[in-house]
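**Q**
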Amino acid sequence: MRDSTLQFASFEKTTDHLFEAGFHMKRNAAEVVSERIILCQSMSIGMGALKVFRRHMSDPHDLVAKRLVFQEAYAKMFRHPIEKLGHGMRFLRPPSFFWFGEF
-14 MRDSTLQFAS FEKTTDHLFE AGFHMKRNAA EVVSERIILC QSMSIGMGAL KVFRRHMSDP
46 HDLVAKRLVF QEAYAKMFRH PIEKLGHGMR FLRPPSFFWF GEF
């Protein structure tokens, strides 16, 4: 094991190791996975290794909101009018079986 304050602190006597490192003004480049975990930083391995950015080329007006799975059947069953919106569909009023009061 190399002379890493964070690796020493991860095993035992955490406060002692951190105090000594601060007193002697030690610097520690977090290069090992366990050090990155202690500092809550992501490591460039696995899924963290990818940094892919892609510009979305479609027009936002062409995107269509998906309907909910049972939305039309629900509207027919309870005879609720459906309001068509740009961001999907929703009911104009809640179904009658919703209870908003106290028993």
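Numbering-wise, the sequence shown is residues -14 to 88 according to our numbering.
Where is the CB? At the ideal position from N, CA and C, for every residue including glycine.
Measuring straight from C-alpha to C-alpha, what distance separates residue 50 and residue 56?
**A** Residue 50 sits at position 65 when you count from the first residue of the sequence shown. Residue 56 sits at position 71 when you count from the first residue of the sequence shown. Taking the straight line joining both Cα atoms gives about 13 Å.
**Q** Would you tell me roughly how many angstroms separate the C-alpha atoms of residue 27 and residue 61, rounded to the nearest one?
**A** For this step, residue 27 is matched to residue 42 along the sequence shown. For this step, residue 61 is matched to residue 76 along the sequence shown. Approximately 50 Å, taken between the alpha carbons.
**Q** Within 10 angstroms of the Cβ of residue -9, are there 16 or more other Cβ atoms? Answer buried if so, exposed if not.
**A** Position 6 of the sequence shown, counting from 1, holds the residue named residue -9. Buried.
**Q** What did DSSP end up calling residue -9 once you bin it into helix, strand or coil?
**A** On the sequence shown, position 6 is the one that residue -9 refers to. Residue state, collapsed to three classes: helix.
**Q** Rank 31, 23, 47 and 59 by C-alpha distance to the C-alpha of residue 3 and give the top, closest one.
**A** Here residue 3 refers to the residue found at position 18 of the sequence shown. For the residues 31, 23, 47 and 59, the minimum Cα distance to residue 3 belongs to 23.
**Q** Could you give the first and the last residue of the continuous alpha helix (DSSP H) run that contains residue 21?
**A** The count along the sequence shown starts at 1 and reaches residue 21 at position 36. From DSSP, the alpha helix (DSSP H) with residue 21 extends over 18 to 23.
**Q** Taking only three categories from DSSP, how would you classify residue 62?
**A** For the purposes of this step, residue 62 is taken as the residue at position 77 of the sequence shown. Residue 62 falls in the helix class under three-state DSSP.
**Q** Counting along the chain, where does the alpha helix (DSSP H) carrying residue 5 start and finish?
**A** Within the sequence shown, the letter at position 20 stands for residue 5. That run of the alpha helix (DSSP H) goes -1 to 8.
**Q** Looking at residue 20: is its Cβ nearer than 8 Å to the Cβ of residue -11?
**A** Taking the sequence shown and counting its residues from 1, one reaches residue 20 at position 35. Taking the sequence shown and counting its residues from 1, one reaches residue -11 at position 4. Going by C-beta atoms, residue 20 is nearer than 8 Å to residue -11.
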